[in-house]
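Just remember that this note's numbering sits 6 ahead of the position in the sequence shown, which is counted from 1.
Glycine included, C-beta positions come from ideal geometry on N, C-alpha and C.
Please read all numbers here as calculations on a predicted model, not as lab measurements.
Have a look at the structure below before the remarks.
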Amino acid sequence: MKILVINSGSSSLKFQVIDSESEQVLAKGVCERIGIDGRFTYKINTGISLKEEVPMSNHTQAVHTLLDTLADPEQGIIRSFSEIDVIGHRLVHGGEKFTGSVVITDEVIDAMTECNDLAPLHNPANLVGVDACRRLMPDTLMVGVFDTAFNQTMEPKAFLYGLPYRYYEKYKIRRYGFHGISHKYVSQRAAEFMGQDPKRVKTIVCHLGNGASISAVKYGRVVDNSMGFTPLEGLVMGTRCGDVDPGALEFLAKKENLDFPQIMAILNQESGVLGISKNFSSDFRELKDAEIKYNEKAALAREIFAYKVAKYVGSYAAAMNGVDNIVFTAGVGENDSDIRQEICDYLEFLGITIDELKNREHAEAIRISTGSSRVNVLVIQTNEELEIAREAAALAQKILRPDRQA
Numbered sequence: 007m008k009i010l011v012i013n014s015g016s017s018s019l020k021f022q023v024i025d026s027e028s029e030q031v032l033a034k035g036v037c038e039r040i041g042i043d044g045r046f047t048y049k050i051n052t053g054i055s056l057k058e059e060v061p062m063s064n065h066t067q068a069v070h071t072l073l074d075t076l077a078d079p080e081q082g083i084i085r086s087f088s089e090i091d092v093i094g095h096r097l098v099h100g101g102e103k104f105t106g107s108v109v110i111t112d113e114v115i116d117a118m119t120e121c122n123d124l125a126p127l128h129n130p131a132n133l134v135g136v137d138a139c140r141r142l143m144p145d146t147l148m149v150g151v152f153d154t155a156f157n158q159t160m161e162p163k164a165f166l167y168g169l170p171y172r173y174y175e176k177y178k179i180r181r182y183g184f185h186g187i188s189h190k191y192v193s194q195r196a197a198e199f200m201g202q203d204p205k206r207v208k209t210i211v212c213h214l215g216n217g218a219s220i221s222a223v224k225y226g227r228v229v230d231n232s233m234g235f236t237p238l239e240g241l242v243m244g245t246r247c248g249d250v251d252p253g254a255l256e257f258l259a260k261k262e263n264l265d266f267p268q269i270m271a272i273l274n275q276e277s278g279v280l281g282i283s284k285n286f287s288s289d290f291r292e293l294k295d296a297e298i299k300y301n302e303k304a305a306l307a308r309e310i311f312a313y314k315v316a317k318y319v320g321s322y323a324a325a326m327n328g329v330d331n332i333v334f335t336a337g338v339g340e341n342d343s344d345i346r347q348e349i350c351d352y353l354e355f356l357g358i359t360i361d362e363l364k365n366r367e368h369a370e371a372i373r374i375s376t377g378s379s380r381v382n383v384l385v386i387q388t389n390e391e392l393e394i395a396r397e398a399a400a401l402a403q404k405i406l407r408p409d410r411q412a
C-alpha cells in the first residue's frame, strides 16, 4: 500500500510517499513559499532529485505540482494518482474530540474547525492542505493523525489547571500536550530497540528541537506532557518562553504599554534561547559555537535549556514512580551530545552514567548510558512521517476493499 504523508503549513507543504509493507520512503520533498513565489524540492530513492522554482499561488497548486511530479514518466514513482492508496495528514490540534486517528470526513473537518481557536497557527494551515488534496483526489481515502491524540490518556490531575472549573467546562481550557506523533513513535521504538514490552516500561521522551517537549509514557500511555493548552508552555525553546509567571506578563504589559497580542508575539517569537542570548540566535548550533568563543549569554541560554529539561525529567520520574528509559530525539536531542551530557549530569541521583564515546556516536538508535547505569539513556531518530503512515495504513486496512490493497 502506498501512503502519501502530508504535513501542511501556512506557506509550505512537506510530503513523503511510503510503502506501508516495506516502510521504505519512495519519494519525499517540500513545497515552500506557497503564495509567494514557489520553491519545489523533490527526491526519490533511486537518487533522482530536483530543486526548482515553481509558481504556487495556493496549496492546491502545490499538491498538483507534487502529484504531477510523482506521476512523471521520468522522475516519478507511480503511473497514475490511483496508485496512491491513502493520504495521511498530520493534524495538530484535535482538542478532546479525537483520541486517535480518523478517516477525514466533512464532520471531522467541522470538528477541527471548531478547534481553530486552540491552534490558530496550525489547524487552519492543516485544513488548507486537506482541502487541496480532497479537490484533486476526491476518491482517495484520507486519514487524519493528530499531534494531540497520543496525549489524550492524561488524567485530570495532569491536564487540569488551577483555574475555576467552569472555564474547563465552557472552553476546554486544559493541558493538551503536543508532539504526540513523535512521542508515540520514539517511545515504542525505544522499547523495541531494548527488547522490552512497551506496556511494561516507563519512558521519558525528550523531544528537543526549536520546539521542545517532554512526555512521561507509563506502560504505553502518556501520563503527562510539558506542553499545555498551547505549544507555548513547558521548556524554554528556540523562540518560545516556556513556563512563565502570568503575573510577570501583567507587570510587563503595564511597564511597556503593551496589549495582549504584543505580549503573545514576544512570548512566541522573541523569547526562549533567542531572547536569553540577547537576540544572538535561536539555533542551538550557533549558540554552541558562540559558547566556545566565550559568549556568556549564548552559554547561559544553553545552560538554562539543559536545566529546564533536567527539571522536567526529574519531575516525570516522580510522576511515574520510577523510569526505565530516557530518550533524546529531534534536532537538538539527536545531534547535540554536549546538551545531552549536561542534562544527564543533573540526573546522577537516578543512577545514570553516560558512556562518553557512545554519546558522540550517530545512529538511528543507540544506547548512550553505560552497562552499569540503572536507567537506559537512548538517542532515537524520530520519524513522524513513518508513524503517520503506519496509523493511516492500519486504519485503511479496515476500510479499503480488498482489490484496493497492495
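Check your understanding: In three-state DSSP terms, what is Gln411?
Key -> Since pLDDT at Gln411 reaches only 45, below the 50 mark, its modelled position is unreliable, and no value is offered.
**Study point:** His95, enclosing beta strand (DSSP E) - first and last residue
**Key:** Val92 to Leu97
Practice item. List the residues that DSSP assigns as beta-bridge partners of Asp25. Key: Lys8
Check your understanding: For Ser219, is the classification buried or exposed, using 16 other Cβ atoms within 10 angstroms of its Cβ as the cut-off for buried?
Key -> buried
Practice item. Give the range of the beta strand (DSSP E) segment to which Asp230 is assigned. Key: Arg227 to Asn231
**Study point:** Cβ neighbours of Pro408 in the same chain (closer than 8 Å, five flanking residues each side left out)
**Key:** The pLDDT assigned to Pro408 is 49, lower than 50, so where the model puts this residue is not dependable; a value taken from the coordinates is nonetheless given after this. Excluding residues within five positions, none has a Cβ falling inside 8 Å.
Check your understanding: Quick one: any contact between the stretch 88-95 and the stretch 115-126, if contact means 3 or more CB pairs under 8 Å?
Key -> no
Point to revise | Opening and closing residue of the alpha helix (DSSP H) in which Ala400 lies | key: Glu390 to Ile405
Practice item. Return the bridge partner residues of Lys284 from the DSSP annotation. Key: Per DSSP, none; premise fails for Lys284.
Review point. Exposed or buried, Gln268, counting other C-beta atoms within 10 Å across all chains shown (16 or more means buried)?
Key: exposed
Point to revise | Ala196 beta carbon less than 9 Å from that of Asn341 | key: no
Point to revise | Outcome for Gln411 when other beta-carbon atoms lying within 10 angstroms are tallied against a minimum of 16 | key: Only weak support is given to the placement of Gln411: the predicted model assigns it a pLDDT of 45, under 50, and the value that follows is read from those uncertain coordinates. Gln411 comes out exposed.
**Study point:** Contacts around Ser107, its chain only, beta-carbon distance under 6 Å, and the 5 residues preceding and following it disregarded
**Key:** Val149, Val151, Glu397 and Leu401
Point to revise | Same chain only: Cβ atoms within 7 Å of Asn365, ignoring 5 sequence neighbours per side | key: Ser343, Arg346, Gln347 and Ile374
**Study point:** Exposed unless 16 or more other CB atoms sit within 10 angstroms - verdict on Ala125
**Key:** buried
**Study point:** Distance between Thr376 and Ile179 (C-alpha atoms, nearest Å)
**Key:** 42 Å
Point to revise | Proximity winner among Ile115, Asn157 and Gln158, relative to Asp137 (alpha-carbon distances) | key: Ile115
Review point. Could you check where the beta strand (DSSP E) with Gly35 kicks off and where it finishes?
Key: Val31 to Glu38
Exercise for review: Confirm, please, whether the CB-CB distance from Asn132 to Arg172 is below 9 Å.
Suggested key: no
Point to revise | Nearest-angstrom beta carbon gap, Asn331 and Thr209 [assumed within contact, 8 Å] | key: 4 Å
Practice item. Quick one: using the 10 Å Cβ neighbour count with 16 as the cut-off for buried, is Gln22 buried or exposed? Key: buried
Practice item. Check Ser18 in the structure and name its three-state DSSP category. Key: coil
Review point. Taking three-plus beta-carbon pairs below 8 Å as touching, is the stretch 318-333 in contact with the stretch 282-301?
Key: no
Review point. In terms of DSSP beta bridges, what is Ala271 paired with?
Key: Answer is none; Ala271 lacks a bridge partner.
Check your understanding: Under a three-way DSSP split, which group does Ile42 fall into?
Key -> coil
Point to revise | Limits of the beta strand (DSSP E) - the one that His213 falls within | key: Lys208 to Leu214
Review point. Can the beta-carbon of Gly320 be found less than 9 Å from the beta-carbon of Leu214?
Key: no
**Study point:** Backbone secondary structure at Leu56 - three-state DSSP
**Key:** strand
Review point. Do you know offhand how far Glu354's Cα is from Gly240's?
Key: 23 Å
Exercise for review: Specify the secondary structure class of Tyr318 as computed by DSSP and reduced to three states.
Suggested key: helix
Point to revise | Local Cβ density within 10 Å of Asp230, reported as buried at 16 or more and exposed below that | key: buried
Review point. Hey, how far is the Cα of Met7 from the Cα of Val98?
Key: 25 Å
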